[in-house]
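Residue numbers (full-length UniProt numbering): 1 to 348.
Okay, structure coming up:
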């Protein structure tokens, strides 16, 4: 197979692995979402797999099992993974050993394991057994859509890195504004955004592990904050809902409703929210609140990325993404790809 063919097949397989991992974003905490694709010697995809939930098989194991169930294990020649295969035994066996039990010759890895205690262990184990390890980051410009694929793979693990290295949850602010730049919907309406923007909001809720709002927002809007316009993850335990309020005064009927859907906690300190969420195993939280809390988050630099949905005079919307890091999980949403690439990065 020519180098060009290898790169074409790698790009196709990375697309498939990322697509499979995306299906479980929001379901895997405190583990990151991961995808894997297995190819034969001609570059055909034999199986894809993803990590579904903490304590269950990893992406590589699910893809390998799919091959085994169809008698295809002996045809495995290449593995594509969005994250370096693990090389330690936790609640599941090492993925590196699972791959080594097959005839796989080449393993493409998008991102190194961010855990400094184990980083490089999986790749080193594979190479020690004579398998070829190739890195998407090093060869991205040879692969069709390579930089975008790398950006998406990095987006898959960005909240996990924040959580595991800094013990903080990743905070994404979602702010919708009208043509005048205000967050006030027309009289008699609770929103001024389109159905497409509302669908995006509910997909963001599905993808995140918690929601952060403000007591003032609750009293003014009685927001639902749950996933309604799309199906949520099957068997999902109640997400955490943090209400930032020094008085803790919210309508009792709203609180009773919220407690049936969320694990509701109150916080009188905005500063403590990222660490408090992290201690609860939250990787990624969505902030849906009014200008007071948003101003406090911005002033204290407690946000990680900021999605702004601005309604235009023609009724359509512009998306803009401001980010404080090189990477963002918002890169996983196709309609935000352009905004992410154009967005200002204030790396910290």
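A virtual CB, placed ideally from N, CA and C, is assigned to each residue, including glycine.
Residue i vs residue j beta-carbon contact at 8 Å
i           : j           : result
residue 210 : residue 257 : no
residue 33  : residue 156 : yes
residue 296 : residue 223 : no
residue 302 : residue 329 : no
residue 170 : residue 304 : yes
residue 67  : residue 122 : no
residue 242 : residue 277 : yes
residue 286 : residue 168 : no
residue 35  : residue 92  : no
residue 39  : residue 77  : yes
residue 44  : residue 62  : no
residue 365 : residue 250 : What the structure shows of the chain is the stretch from 1 to 348, and residue 365 is not part of that stretch, so it cannot be assessed.
residue 306 : residue 175 : yes
Residue from the options whose Cα sits closest to the Cα of residue i
i           : options               : result
residue 227 : 143, 26 and 173       : 26
residue 99  : 131, 90 and 216       : 131
residue 106 : 263, 128, 112 and 80  : 80
residue 90  : 320, 54 and 125       : 54
residue 325 : 143, 43, 13 and 158   : 158
residue 280 : 318, 255, 163 and 235 : 163
residue 84  : 126, 57, 179 and 46   : 126
residue 147 : 220, 307 and 10       : 10
residue 238 : 252, 343, 260 and 58  : 260
residue 334 : 103, 197, 73 and 108  : 197
Alpha helix (DSSP H) segment containing residue i, residue limits
i           : result
residue 152 : 146-166
residue 296 : 291-299
residue 137 : 136-139
residue 236 : Neither: residue 236 is in no alpha helix (DSSP H) and is coded neither H nor E.
residue 204 : 195-207
Endpoints, beta strand (DSSP E) assigned at residue i
i           : result
residue 174 : 170-177
residue 323 : 317-323
residue 264 : 262-267
residue 285 : 284-287
Notebook entry, point to check: What residue ranges within the UniProt domain "CMP/dCMP-type deaminase" (8-134) form continuous alpha helix (DSSP H) runs of no fewer than 4 residues, ordered along the chain?
Noted result: 59-69, 95-100 and 121-128
Check: Is it a yes or a no for the segment 144-156 touching the segment 259-266, going by three-plus beta-carbon pairs under 8 Å?
Finding: no
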